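S.K.:
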Amino acid sequence: MRTLSLSSEPPTASIVELSSMEYKAIPPAISKPVALSSIPPPTSKIPSVTLDSDVITDNMAARLSMSFLGHVMFLKSQVPFPVIQLARMPGSNTNNRASKKRAELLNSLDTLASHLNTTFTSLSTAIALKEKSGARDSDGSIKDSSQHDQSRTSVAYLAIVLGSTIGAAKARVILGVNGLEIKVWGEREELNVEGTSSGTDSEDNEESLEGSGSGESSSSDGSESERDSGAESEHDDDEADCLSDRDSQSGSEASCSDSCESPPRSRSPSPTPSYQSTPDSEAPSPPPSPSRRFQSHAEEQETLRTAERLLSRTLASACAEGEDTGMASEMAPTQTHILLRAPRRFVHPAWIPRQNLNNSMDDTLADFLQESRPGNSPHGIKKKRSKKGIKVEGVWIKSRGVGVEDPTEDNDETIAEEDEYIWWTWDGKLAGFADW
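Set out below in structure tokens:
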């Protein structure tokens with residue numbers, strides 16, 4: 001059975017022999033059933049990955065989905081080496097049949113990666129629009145605005161089905177993304193109310209300052225004209241005295257120059273200095289920083305690499321624990337189908353709606369949730385096994401502080417047709433190969 005290793009190299013026979021020797025070297029006292037009975041059973045058969053992030057962005061969901069697909073294809077023996085190593089290996093002979101299959105698979109994976117980058121963006125928009133329409137009554141009024149504003153994340157499901165067709169599946173793997181950031185992409189986000197009000201207040205203050213400044217200047221001009229008219233008769237005498245005493249009386253020079261010059265420069269205190277200081281003192285304060293700090297490109301890439309490593313370690317640990325939690329199995333190379341659960345309003349050119357798959361895929365999703373929470377049956381989902389005894393496998397990727405959510409909506413409430421969830425299939429082709 002193929003196991004997933006944290007290292008880049010595939011497992012070798014020496015590692016298997018070393019592992020078997022270590023297990024044989026365990027003392028009998030430790031391997032007694034009595035000691036093993038004290039270990040509590042696992043709470044869930046589905047491994048879970050909890051990211052150190054409040055939300056899972058569309059870019060992170062796309063990257064982790066591609067990483068998970070590569071692990072599944074290797075663990076299910078669809079490729080002879082991990083997908084990352086296949087992309088780095090140089091092709092020895094391009095005319096070889098195996099090389100052609102390898103090139104076709106890598107091209108298809110590259111196309112899928114580019115499609116997933118926009119797929120989760122469109123899915124986020126579709127769910128956000130669904131939440132907005134669901135938060136309104138028939139008359140258009142908002143039911144509960146506080147609850148609508150707080151619901152900024154949702155759950156997304158991606159299915160990987162291996163088999164010649166989806167109906168004749170040999171393996172079904174579910175990827176649950178709990179904490180996907182939902183918002184209407186392309187819309188301009190509204191600024192914070194406090195920042196808007198402060199900006200309006202600052203504009204009003206500036207207008208009031210301009211108004212008060214013009215009033216003060218007009219009053220100063222009025223008093224100035226009265227003073228000039230009263231002192232016009234003495235203007236000539238004062239000018240003569242001012243010229244004779246300019247060298248000896250420096251103090252009277254200022255007062256004389258005020259009355260001599262026309263128009264006089266002496267005015268009432270101008271509001272210009274106070275107005276010039278308003279941009280610093282009364283400038284509109286910037287809106288408060290959002291709860292999620294925007295990352296630079298380098299920080300985002302580092303966060304994505306950390307999440308991918310955490311996913312790899314989780315899958316490797318699950319494979320090491322046993323067959324109940326691991327996904328490793330020997331399968332003949334076959335087709336790999338990618339499915340997405342999204343509302344009908346979801347729009348993407350690379351995804352085809354497949355409503356005829358709702359019954360079978362909903363049953364698979366019900367089994368996945370049942371395995372995620374043993375003993376608790378999800379509301380609104382029938383408790384039954386998939387056909388042909390196929391074990392449902394998968395993994396949860398969750399953001400910080402969220403739990404496993406039910407995929408079904410409230411059955412008591414009627415929802416619009418465009419808000420109904422259906423399954424969509426990717427229109428590409430992924431074919432595994434074993435020859436090298």
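The opening residue of the sequence shown carries number 1 in the UniProt record's numbering; numbering runs sequentially from there.
Ideal Cβ placement from N, Cα and C applies to all residues, glycine included.
Owing to the predicted nature of the structure, the values given are computational and were not obtained by experimental measurement.
Straight-line CA distance for Gly70 to Pro80?
M.R.: Approximately 12 Å between the Cα atoms of the pair.
S.K.: Can you tell me whether Arg309 is buried or exposed? The criterion is at least 16 other CB atoms within 10 Å of its CB, across all chains shown.
M.R.: Exposed.
S.K.: Can you tell me which of the three DSSP states Leu51 falls into?
M.R.: Correct three-state label for Leu51: coil.
S.K.: Let me know the secondary structure DSSP gives Ser317 once reduced to three states.
M.R.: The answer is helix: DSSP assigns Ser317 an H, G or I state.
S.K.: Can you tell me whether Arg341 is helix, strand or coil according to DSSP?
M.R.: Strand, per DSSP.
S.K.: Have a look at the DSSP bridge pairing and note the partners of Asn358.
M.R.: Answer is none; Asn358 lacks a bridge partner.
S.K.: What do you reckon, are the CB atoms on His348 and Ser164 nearer than 8 Å?
M.R.: No. Outside cutoff.
S.K.: With 16 other CB atoms within 10 Å as the buried threshold, where does Thr57 fall?
M.R.: Result: buried.
S.K.: Using alpha carbons as the reference points, say which of Asp435, Val184, Leu340, Glu420 lies closest to residue 437.
M.R.: It is not possible to answer for residue 437, since the shown part of the chain is limited to 1 through 436.
S.K.: Name the residue from Met89, Arg88, Phe74 whose alpha carbon lies nearest to the alpha carbon of Pro82.
M.R.: Measuring from the Cα of Pro82, the nearest candidate turns out to be Phe74.
S.K.: Who are residue 440's beta bridge partners in DSSP?
M.R.: Residue 440 falls outside the range modelled here, since the chain spans only 1 to 436, and no answer is possible.
S.K.: Considering only C-alpha positions, which residue in the set Ile46, Val155, Ile182 is nearest to Leu340?
M.R.: When only C-alpha atoms are compared, the closest one is Val155.
S.K.: Contact check, Arg373 vs Ser44 under 8 Å by CB: the rounded distance?
M.R.: So it is a contact: roughly 7 Å between Cβ atoms.
S.K.: Does the beta-carbon of Pro47 have 16 or more other beta-carbons within 10 angstroms, so that it is buried, or is it exposed?
M.R.: That one is buried.
S.K.: Quick check on DSSP: helix, strand or coil for Thr118?
M.R.: If DSSP states are grouped into helix, strand and coil, Thr118 belongs with the helices.
S.K.: Roughly how many angstroms lie between the CA atoms of Ser317 and Glu420, to the nearest whole one?
M.R.: Answer to the nearest angstrom: the Cα atoms are 37 Å apart.
S.K.: How close, in whole Å, do the beta carbons of Leu180 and Ala61 come, if the pair is a contact with beta carbons under 8 Å?
M.R.: The Cβ separation is near 6 Å, so the contact holds.
S.K.: Going by the DSSP bridge assignment, what does Ala431 pair with across the sheet?
M.R.: The partner list for Ala431 (beta bridge, DSSP) reads Gln335.
S.K.: Assign Gly176 to buried or exposed, taking buried as 16 or more other Cβ atoms, counted over all protein chains shown, within 10 Å of its Cβ.
M.R.: Counting Cβ neighbours within 10 Å, Gly176 comes out buried, since at least 16 surround it.
S.K.: Between which two residues does the alpha helix (DSSP H) carrying Val83 extend?
M.R.: From DSSP, the alpha helix (DSSP H) with Val83 extends over 83-88.
S.K.: If distances are taken between C-alpha atoms only, which option among Gln78, Ser67, Thr50 comes closest to Ala332?
M.R.: It is Gln78 whose Cα lies nearest to the Cα of Ala332.
S.K.: Taking the continuous beta strand (DSSP E) assigned at Ile72, which residues delimit it?
M.R.: A quick correction: the sequence has Val, not Ile, at residue 72. It is not in any beta strand (DSSP E) - Val72 instead sits in the alpha helix (DSSP H) that spans 58-75.
S.K.: Need the endpoints of the beta strand (DSSP E) that Gly394 sits in, please.
M.R.: Gly394 -> beta strand (DSSP E) spans 392-398.
S.K.: Alpha carbon to alpha carbon, how far is Ala350 from Phe68?
M.R.: If I take the Cα positions, the gap works out to 20 Å.
S.K.: Return yes when the Cβ of Asn59 is within less than 8 Å of the Cβ of Asn117, no when it is not.
M.R.: Yes, Cβ-Cβ distance for Asn117 and Asn59 is below 8 Å.
S.K.: By the 10 Å Cβ neighbour count, where 16 or more other Cβ atoms means buried, how is His297 classified, buried or exposed?
M.R.: Exposed, because fewer than 16 other Cβ atoms sit within 10 Å of the Cβ of His297.
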